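Everything on this sheet refers to the single structure shown next.
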Amino acid sequence: MIWFIGIGGALGASSRFLLGNLLNKKSLFPAGTWLINVTGSFLLGWLAGLHLAGQISEELWLFGGVGFCGAYTTFSTFGYETITLLQSKKLKTAVAYITASLLAGGIAAAIGLLI
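Counting along the sequence shown from 1, when you hit position 111 you're at 111 in UniProt numbering, and nothing is skipped either side.
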């Protein structure tokens with residue numbers, strides 16, 4: 001079973017790296033990490049809903065929910081980028097990033113869970 005998590009995690013981390021590098025190029029707002037965390041929250045909510053309803057196997061849950069989404073989304077990068085914005089004296093951008101991340105992530109997870 002651990003292999004499902006490992007393979008999903010490798011794919012999630014690789015996806016995060018590629019998409020983050022593509023979208024975060026010299027942006028004032030960490031759009032790549034924000035988009036990754038919102039889409040990952042949606043996907044995790046959707047998979048959790050399917051898993052709780054017994055509509056996907058334990059293996060698919062471990063691969064997609066635990067492995068892929070766990071490695072794709074990244075709270076540590078969110079924290080790092082927030083601190084970097086604050087150190088750069090970009091308080092308004094940092095507050096907007098925190099607020100947008102929490103609201104959009106929560107809403108995306110809820111929508112994913114409901115569909």
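Beta carbons are placed, not taken as given, at the ideal position from N, Cα and C, and that holds for glycine. Nothing here was measured: the structure is a model prediction, and the numbers come from that model.
Where G64 is concerned, there is no enclosing alpha helix (DSSP H), because DSSP gives it neither an H nor an E. For K92, the uninterrupted alpha helix (DSSP H) run begins and ends at 91-114, by DSSP. If the five residues before and after G49 are omitted, its C-beta is found closer than 6 Å to the C-beta atoms of L113, all from its own chain and listed in chain order. Sorting W3, G8, M1, I2 by C-alpha distance to the C-alpha of G64 places G8 at the top.
Between N24 and T74, the C-beta gap is not smaller than 8 Å, which leaves the two residues out of contact. The C-beta of S41 has 16 or more other C-beta atoms within 10 Å across all chains shown, which makes the residue buried. Counting along the chain, T33 sits inside the alpha helix (DSSP H) bounded by residues 31-52.
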